[in-house]
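Quick note, the sequence shown lines up with residues 2 to 406 if you use the working numbering.
For glycine and all other residues, C-beta sits at the position ideal for the given N, C-alpha and C.
In this text, all values refer to a predicted model and were calculated from it rather than measured experimentally.
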Amino acid sequence: MTDIEHMLAGKKVFLIIAGGIAAYKSLDLIRRLQDQGATVRCCLTENGKQFVTPMAVSALSQGPVYTDQFSLKDESEMGHIELSRQSDILVVAPATANILARMAAGIADELATTLILATDKPVLVAPAMNVRMWLHAATQANVATLKSRGIAFVGPEDGAMACNEFGPGRLAEVPEIVKAIVGVVNPRRPLAGRHALVTSGPTVEPIDPVRFIANRSSGKQGHAIAAALAALGARVTLVSGPTGLADPAGVEVVRIETAKQMLAACEAALPADVAVCAAAVADWGVAAVAGQKLKKQVGDPPPTIALTANPDILATLSAPGPHRPRLVVGFAAETETVVAHAKAKRARKGCDWILANDVSAATGTFGGDRNQVTLISATGCDPWPALSKQAVAARLADLIAEALS
Ligand code: PMT
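Right under this line is the structure:
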């Protein structure tokens with residue numbers, strides 16, 4: 002923690018403790034925040050009170066603990082809403098599936114959720130729950146909604162859980178939560194004034210009005226990169242193929258379908274200081290797109306579809322010229338001899354950096370939440386550990402900020 006020593010001096014953290022088994026860790030969180038100079042005020046949800054006592058939280062935070070939406074005493078001391086607004090940040094740790102759902106729906110059914118709805122300060126959420134609850138489509142939809150509204154997340158992490166299951170759902174380690182709080186209240190903006198162009202998702206190539214050729218990209222990696230660059234202060238244009246993802250907060254999103262449309266949107270977005278091509282662009286489109294739905298007649302052989310080469314967006318952006326971004330970053334999606342193929346791709350396409358990732362089915366890279374990349378530049382290869390796609394994005398954004406400084 003030495004790198005962020007005293008980074009919370011004078012800061013007021015309002016900690017909301019929801020009802021999960023990880024609530025006991027919030028006691029350590031209070032102490033670690035105080036070590037960093039923060040004043041911590043706490044609110045326990047009704048369920049939170051089942052896991053840690055107001056007495057313990059009050060003793061550690063050295064102040065009152067807010068629990069009751071309609072407490073006359075608390076109201077006479079300081080209005081609840083005022084309290085949340087006088088803090089520098091609201092932190093929900095642990096955040097259960099239940100409180101995430103209430104936050105996403107805008108429900109104010111107790112003090113904690115009322116404060117979250119009423120605050121004008123940044124909100125950081127540290128989820129902790131059973132792996133199936135975390136992976137449930139309802140929870141994932143709520144998380145996407147909250148992220149699109151600018152709510153910051155730290156974790157959850159993979160690991161063994163109290164319920165004897167393994168997977169994502171464990172509360173982030175306390176030092177990581179402290180770091181995330183520091184990042185939100187003291188945002189670094191090294192990319193302020195820079196324009197970043199990011200491509201994301203698949204492209205789809207129509208065969209006829211109802212059929213198309215596409216691929217398995219979900220857009221998670223590209224969207225995370227756009228969000229990470231925006232978090233460092235960049236103006237970001239995200240050119241995206243069809244995905245089921247919410248738009249990242251504070252990012253301009255241009256929606257396209259085909260590779261040709263993606264190239265046109267990228268060229269229209271120039272000039273840019275940096276371009277990151279994370280999209281899985283179709284290498285080929287259909288040579289003659291049928292104007293009407295192709296009809297199947299009984300006994301007919303299947304139609305033969307002639308393909309034609311699509312433009313290469315990464316190679317086009319990398320080509321020397323007055324509008325070439327200072328830094329052009331590509332991805333290489335490979336299923337074998339990953340690094341060697343990626344090195345050759347970097348040379349062929351002329352980009353500055355390429356991030357090689359293995360997209361064999363067993364890796365779950367396409368559509369999954371994690372990625373293991375090797376950064377290849379003119380100076381060598383740097384294999385990164387397997388990380389969440391957000392962590393890959395944050396690390397890449399930091400390197401981009403360094404390169405452009
Ligand atoms: O979207 P997710 O589910 O999160 O998955 C992430 C990802 C696997 C899609 C991503 O990490 C990734 O690898 N993106 C690049 C996919 C790809 O098309 O790789 P490629 O090796 O075929 O292409 C190399 C590079 O050229 C890429 O930067 C690609 O965007 C670019 N390209 C490719 C073809 C083309 N016609 N134009 C391009 O710009």
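**Asked** Going straight from the alpha carbon of C352 to that of D399, what length do you get?
**Response** For this step, residue 352 is matched to residue 351 along the sequence shown. For this step, residue 399 is matched to residue 398 along the sequence shown. Looking at the backbone, the Cα of C352 and that of D399 are separated by about 18 Å.
**Asked** Mapping DSSP to helix, strand and coil, what is A269?
**Response** Reading the sequence shown from its first residue, position 268 is the one you call residue 269. DSSP places A269 in helix when its eight states are reduced to three.
**Prompt:** How about L91 and G107: are their beta carbons less than 8 Å apart?
**Reply:** Along the sequence shown, read from residue 1 onward, the residue named residue 91 stands at position 90. Along the sequence shown, read from residue 1 onward, the residue named residue 107 stands at position 106. No, the Cβ-Cβ distance between L91 and G107 is not below 8 Å.
**Request:** Look at the alpha carbon of A105 and the alpha carbon of A142, and state the distance between them as a whole number of angstroms.
**Result:** By 1-based counting over the sequence shown, the position of residue 105 is 104. By 1-based counting over the sequence shown, the position of residue 142 is 141. Whole-angstrom Cα-Cα distance: 9 Å.
**Message:** Between the alpha carbons of P386 and I377, how many angstroms are there, rounded?
**Reply:** One-based indexing of the sequence shown puts residue 386 at position 385. One-based indexing of the sequence shown puts residue 377 at position 376. Each residue's alpha carbon lies about 14 Å from the other.
**Item:** Local Cβ density within 10 Å of C382, reported as buried at 16 or more and exposed below that
**Value:** To locate residue 382, count along the sequence shown from 1; it is residue 381. Exposed: under 16 other Cβ atoms inside 10 Å.
**Message:** Given the structure, does V199 come close to the ligand PMT, in the sense that its CB is under 7 Å from one of the ligand's heavy atoms?
**Reply:** To locate residue 199, count along the sequence shown from 1; it is residue 198. Answer for V199: no, Cβ out of range of the ligand PMT.
**Request:** Work out the CA separation of P323 and A127 for me, nearest whole Å.
**Result:** The sequence position of residue 127 within the sequence shown is 126, counting from 1. The sequence position of residue 323 within the sequence shown is 322, counting from 1. Each residue's CA atom was taken as its position, placing A127 and P323 some 44 Å apart.
**Alpha carbon of H196 to alpha carbon of A228, nearest angstrom** = Translated into positions along the sequence shown, residue 196 becomes position 195. Translated into positions along the sequence shown, residue 228 becomes position 227. Near 13 Å, if we compare the C-alpha coordinates of A228 and H196.
**Reduced DSSP secondary structure (H/G/I, E/B, other) of G300** = Taking the first residue of the sequence shown as position 1, residue 300 is located at position 299. In the three-state scheme derived from DSSP, where H, G and I count as helix and E and B as strand, G300 is classed as coil.
**Prompt:** When we look at the beta-carbon of M130 and count the other beta-carbons within 10 Å, is it buried (16 or more) or exposed?
**Reply:** Position 129 of the sequence shown, counting from 1, holds the residue named residue 130. M130 sits buried, since 16 or more C-beta atoms from the chains shown fall within 10 Å of its C-beta.
**Message:** Is it the case that the stretch 24 to 34 contacts the stretch 172 to 179, given that we only count it when at least three CB pairs across the two stretches are under 8 Å?
**Reply:** The stretch 172 to 179 vs the stretch 24 to 34: in contact.
**Request:** Indicate whether K12 and D110 have their beta-carbon atoms separated by less than 8 Å.
**Result:** Numbered from its first residue, the sequence shown carries residue 12 at position 11. Numbered from its first residue, the sequence shown carries residue 110 at position 109. Taking 8 Å as the Cβ cut-off, K12 and D110 do not qualify as a contacting pair.
**Message:** Measuring only the C-alpha atoms, how far is P326 from P249?
**Reply:** Working through the sequence shown from its first residue, we reach residue 326 at position 325. Working through the sequence shown from its first residue, we reach residue 249 at position 248. Taking the straight line from one Cα to the other gives about 22 Å.
**Request:** Scan the stretch 166 to 206 and note each continuous beta strand (DSSP E) run of 3 residues or more that stays entirely inside, going in chain order.
**Result:** You should have 167 to 171 and 196 to 201.
**Request:** Could you tell me if the beta carbon of S219 falls within a distance shorter than 7 Å of some heavy atom in the ligand PMT?
**Result:** Here residue 219 is taken as the residue at index 218 of the sequence shown, counted from 1. Under cutoff, so the answer is yes.
**Request:** Compare the Cα-Cα distances from R42 to each of K50, V66 and A343 and report the closest residue.
**Result:** Your numbering for residue 42 matches position 41 in the sequence shown. Residue V66 holds the alpha-carbon nearest to the alpha-carbon of R42 among K50, V66 and A343.
**V252 vs L271 beta-carbon contact at 8 Å** = Within the sequence shown, residue 252 is the residue found at index 251, counting from 1. Within the sequence shown, residue 271 is the residue found at index 270, counting from 1. Result no, Cβ atoms of V252 and L271 do not sit closer than 8 Å.
**Message:** Between the alpha carbons of R103 and N358, how many angstroms are there, rounded?
**Reply:** Here residue 103 refers to the residue found at position 102 when the sequence shown is read from its first residue. Here residue 358 refers to the residue found at position 357 when the sequence shown is read from its first residue. Whole-angstrom Cα-Cα distance: 37 Å.
**Request:** Label N372 either buried or exposed according to how many other C-beta atoms from any shown protein chain fall within 10 Å of its C-beta, with 16 as the threshold for buried.
**Result:** For the purposes of this step, residue 372 is identified with residue 371 of the sequence shown, where counting begins at 1. By the beta-carbon neighbour count (other beta carbons within 10 angstroms, threshold 16), N372 is buried.
**Prompt:** Should L339 be listed as close to the ligand PMT, given that the test is whether its C-beta is under 7 Å from any heavy atom?
**Reply:** Reading the sequence shown from its first residue, position 338 is the one you call residue 339. Per the sequence shown, residue 339 should be read as Val rather than Leu. Checking every heavy atom of the ligand PMT against the Cβ of V339, none is found closer than 7 Å.
**Message:** For the pair the stretch 283 to 293 and the stretch 256 to 267, tell me if three or more CB-CB distances fall below 8 Å.
**Reply:** The answer is yes - the stretch 256 to 267 touches the stretch 283 to 293, with three or more Cβ pairs under 8 Å.
**Request:** For D301, count neighbouring Cβ atoms within 10 angstroms of its own Cβ and tell me buried if that reaches 16, exposed if not.
**Result:** As a working mapping, residue 301 is identified with position 300 in the sequence shown. It counts as exposed.
**Item:** Cβ-heavy atom distance, F332 to the ligand PMT, below 7 Å
**Value:** Taking the sequence shown and counting its residues from 1, one reaches residue 332 at position 331. Because some heavy atom of the ligand PMT lies under 7 Å away, the Cβ of F332 counts as near it: yes.
**Prompt:** According to the Cβ coordinates, are P321 and L264 closer than 8 Å?
**Reply:** The residue labelled residue 321 in the question sits at position 320 within the sequence shown. The residue labelled residue 264 in the question sits at position 263 within the sequence shown. Not in contact: P321 and L264 (Cβ atoms no closer than 8 Å).
**Item:** Residues sharing a beta bridge with I17, DSSP
**Value:** On the sequence shown, position 16 is the one that residue 17 refers to. Paired residue(s): C44 and V93.
**Request:** Determine the direct distance from the alpha carbon of V185 to that of G38, and round the result to whole angstroms.
**Result:** If you number the sequence shown from 1, residue 38 lands on position 37. If you number the sequence shown from 1, residue 185 lands on position 184. Those two C-alpha atoms are separated by around 16 Å.
**Request:** Would you list the residues sitting across from A357 in a DSSP beta bridge?
**Result:** Here residue 357 corresponds to residue number 356 of the sequence shown, with the count starting at 1. For A357, DSSP records a beta bridge to A333 and T375.
**Asked** the ligand PMT heavy atoms versus the CB of L328: any closer than 7 Å?
**Response** Here residue 328 refers to the residue found at position 327 when the sequence shown is read from its first residue. In terms of side-chain proximity, the C-beta atom of L328 is found no nearer than 7 Å to any non-hydrogen atom of the ligand PMT.
**Asked** Going along the chain, which unbroken runs of the beta strand (DSSP E) with 3 or more residues stay wholly within the stretch 200 to 253?
**Response** Within the stretch 200 to 253, the complete beta strand (DSSP E) runs of at least 3 residues are 236 to 241.
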